[in-house]
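Colleague: Below are the structure tokens for one structure; questions will follow.
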Amino acid sequence: MGNETVLRIAIQKSGRLYEDSVQLLKECGIELRNVKDRLRTVSENFPIEVFFLRDDDIPEYVEDGVADIGVVGQNVLAEKNRKVDTVEALGFGKCRLSIAVPKTEEYKGVASLEGKRIATSYPHLVKSFLAEHKVTAIIHEISGSVEIAPGIGLSDVIVDLVSSGGTLFMNGLKEAEIILASQAVLVARKNLDEEKIAILDKLLFRIRAVKKAKKSKYVLMNAPNDQLENIISLLPGMRSPTILPLANEGWSSVHSVLSEDKFWEIIEKLKAAGAEGILVVPIEKMIL
Ligand code: ATP
Ligand code: ZN
């Protein structure tokens with residue numbers, strides 16, 4: 008590839024964001040070989056170099072310009088408070104940074120944390136949350152297995168990441184209050200040069216097409232011609248639905264794109280309007 012410019016992206020080396028990050032690049036048509044056990048790898052079909060790092064270090068590496076862009080959780084981003092730009096929410100790695108208290112305890116709001124010992128890996132976020140609520144508490148910063156802290160007498164409550172709540176439950180805790188809702192985001196270094204911005208734009212274009220496609224379904228159905236107008240009015244589509252005559256006279260085939268959030272509602276209405284043989288097909292990429 009000679010000396011041409013490459014965009015350097017930092018992703019998590021292993022852990023909860025790793026698979027989805029690699030998968031996203033793959034869905035964007037970016038081929039990566041030998042990703043396992045590597046520190047870095049260059050794609051052969053897109054001007055990108057991937058660095059595999061601990062997620063905690065990604066904001067700093069991007070701020071310092073060691074990497075140009077990175078994939079990191081909003082939780083880590085907020086805790087590290089580095090000067091980087093968030094360019095796109097990626098829709099995976101969803102979790103909450105929450106206060107959790109012993110199951111047996113009734114949680115009576117932030118004020119009830121006054122004077123309590125809080126174990127967390129997010130000291131800065133907890134500190135500013137407490138300050139915002141004018142509460143003073145003792146923060147114990149620990150780097151892992153925060154959920155065991157109350158059980159071993161290290162703290163009264165914890166602030167930790169939660170997704171299902173299963174880990175909390177197994178440790179005799181319950182989620183009491185959300186401090187931050189988080190997902191993975193794409194961040195970029197400030198002052199990227201023009202050539203790198205051009206590559207980033209190309210990548211963003213692909214990411215958005217992949218994201219959009221995931222939220223949409225391609226729907227095909229047979230509709231009686233006398234109900235066609237009614238059925239068309241139920242379909243949002245990208246422009247308007249495609250209508251093709253069927254061999255069976257008096258019937259048409261209707262094709263359209265539906266977004267996930269309205270999907271079931273519209274399908275029910277279509278059935279009620281007389282649509283038959285409804286097929287729902289996943290969309291791989293969607294370019295608008
Ligand atoms: P590293 O070795 O890279 O420091 P880690 O142990 O700090 O890894 P992981 O547990 O792999 O981190 O989580 C990485 C990110 O995944 C979190 O910062 C968060 O943004 C996201 N995440 C999503 N769901 C969860 C969850 N249930 N628990 C923890 N993190 C989650
Ligand atoms: Zn980490």
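Count the sequence shown with this note's numbering and you get residues 8 to 295, in order. Just so it is clear, CB atoms sit at the ideal spot from N, CA and C, and this is done for glycine as well. Predicted model, so just to flag it, every value in this text is computed and none were measured.
1) For K181, which beta-bridge partners are listed by DSSP?
2) Give every residue whose Cβ lies closer than 6 Å to any heavy atom of the ligand ZN, listed in chain order.
3) Hey, out of K278, N41, E283 and C35, whose CA is closest to F53's CA?
4) Give the straight-line distance between the Cα atoms of D233 and P248, rounded to the nearest whole angstrom.
5) Measuring only the C-alpha atoms, how far is D200 from R213?
6) For the ligand ATP, is there a heavy atom less than 7 Å away from the beta-carbon of V169?
7) Less than 8 Å separating the beta-carbons of E95 and L211?
8) Which parts of the stretch 174-231 are runs of the beta strand (DSSP E), unbroken and 3 residues or longer, counting only runs that do not cross its ends?
9) Can you look up H140 in the DSSP assignment and give me helix, strand or coil?
10) Name the DSSP bridge partner or partners of F59?
11) Considering only the beta carbon of each residue, do L286 and S263 sit closer than 8 Å?
12) Does the beta-carbon of Q30, which I'm using as the reference point, lie nearer than 7 Å to any heavy atom of the ligand ATP?
Modeller: In brief:
1) Here the question's residue 181 lines up with position 174 in the sequence shown. Partner(s): V108.
2) R61, D62 and D63
3) For the purposes of this step, residue 53 is taken as residue 46 along the sequence shown, with counting starting at 1. Here the closest residue by C-alpha is C35.
4) Position 226 of the sequence shown holds residue 233. Position 241 of the sequence shown holds residue 248. For D233 and P248, the distance between alpha carbons rounds to 16 Å.
5) Taking the first residue of the sequence shown as 1, we reach residue 200 at position 193. Taking the first residue of the sequence shown as 1, we reach residue 213 at position 206. Rounded to whole angstroms, D200 to R213 spans 20 Å at the Cα level.
6) To locate residue 169, count along the sequence shown from 1; it is residue 162. Because some heavy atom of the ligand ATP lies under 7 Å away, the Cβ of V169 counts as near it: yes.
7) On the sequence shown, residue 95 is found 88 positions in, with the first residue counted as 1. On the sequence shown, residue 211 is found 204 positions in, with the first residue counted as 1. In this structure, L211 lies closer than 8 Å to E95 by Cβ.
8) 180-189, 191-195 and 223-231
9) Counted from its first residue, the sequence shown places residue 140 at position 133. DSSP places H140 outside both helix and strand once states are collapsed to three, so it counts as coil.
10) Taking the first residue of the sequence shown as 1, we reach residue 59 at position 52. I18, per the DSSP bridge assignment.
11) Taking the first residue of the sequence shown as position 1, residue 286 is located at position 279. Taking the first residue of the sequence shown as position 1, residue 263 is located at position 256. Not a contact, by the Cβ cut-off of 8 Å.
12) Numbered from 1 along the sequence shown, position 23 holds the residue referred to as residue 30. No, the ligand ATP has no heavy atom inside 7 Å of this Cβ.
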